[in-house]
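Residue numbers (our numbering): 85 to 342.
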């Protein structure tokens, strides 16, 4: 992972690199890096091996520019079985997004058998042979291996995605941050139509029942509905061993400012 990172840490702040630009406005950040940095701060300051980050919800209420970024976290609950952490994303000193995460203590499953859906039948990413020019997404933000369908097509949509760069320079991606970066993709993958992507997501919620294993994250669209310009989209999330959780977004009808 030798590409330029999205952020560089400078003291208590983060300097933003241009690769972090989003698709809606070249002078604003991509939502995925906002979600990822909030997850990064929560885990770095409050995570531990005994607890699983089981839920991350991020509200994105402004489009951050390329000013210096600061993330502040706050403990809401620090219990023996559950931790609740809030985090806030500041760009140029202005609040742009906030997150809440639940970290649950790892124990043993409850006794008995509970129904679960079957694992998806997707081929492993290394078995999907596509030309190199089709492997890069959004100017090299991440790498993809399409499985079925494409953004905006009808029917099943599935793909593998892998990060090409660090979130913060010099700091390795953790399984939680890797999943958080992927979660924002639920919006374009589920909400794009035959005329392109017309919805910008205002939030993202990631649920995990275990940590992602390996570099590849699988996404499968499971839901999209829209009324009066308000859309919801949902994807099932996988890794190379099977299902790990879900990613859900709310979105508003939006035109690009390019």
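Cβ coordinates follow ideal geometry from the N, Cα and C atoms, glycine included.
Quick caveat, the model's predicted, so the values are computed rather than measured.
Worksheet item: Is residue 245 buried or exposed, if buried means 16 or more other CB atoms sit within 10 Å of its CB?
Response: buried
Worksheet item: Taking DSSP as the reference, what is the three-state secondary structure of residue 248?
Response: coil
Worksheet item: Going by C-alpha distance, which of 275, 313, 325, 310 is nearest residue 331?
Response: 275
Discussion item. Does residue 159 come out as helix, strand or coil in the three-state DSSP assignment?
Written reply: strand
Practice prompt. Tell me residue 186's beta-bridge partners as DSSP assigns them.
Written response: 139, 168
Worksheet item: Considering only residues of the region 224-272, which uninterrupted alpha helix (DSSP H) runs meet the minimum length of 4 residues and lie entirely inside it, listed in chain order?
Response: 259-267
Discussion item. Three or more C-beta pairs under 8 Å: does that hold for the region 211-229 against the region 277-286?
Written reply: no
Worksheet item: Applying the criterion that 16 or more other CB atoms from any shown protein chain within 10 Å of the CB defines a buried residue, is residue 199 buried or exposed?
Response: exposed
Worksheet item: If you drop the 5 nearest sequence neighbours on each side, which residues of the same chain put their C-beta closer than 6 Å to that of residue 327?
Response: none
Worksheet item: If you pair each beta-carbon of the region 116-123 with each one of the region 264-271, do three or more pairs fall below 8 Å?
Response: yes
Fill in: Local Cβ density within 10 Å of residue 238, reported as buried at 16 or more and exposed below that
exposed
Item to complete: Just grab the DSSP bridge partners of residue 108 for me.
Response: Residue 108 pairs with nothing; no bridge assigned.
Fill in: Proximity of residue 168 and residue 186 at Cβ, strictly below 8 Å
yes
Practice prompt. Please indicate yes or no: does the CB of residue 264 lie closer than 7 Å to some heavy atom of the ligand NAP?
Written response: Judged by which ligands are present, the structure shown has none, so any question about the ligand NAP falls away.
Worksheet entry | Buried or exposed by the 16-neighbour rule on C-beta atoms within 10 Å, applied to residue 95 | exposed
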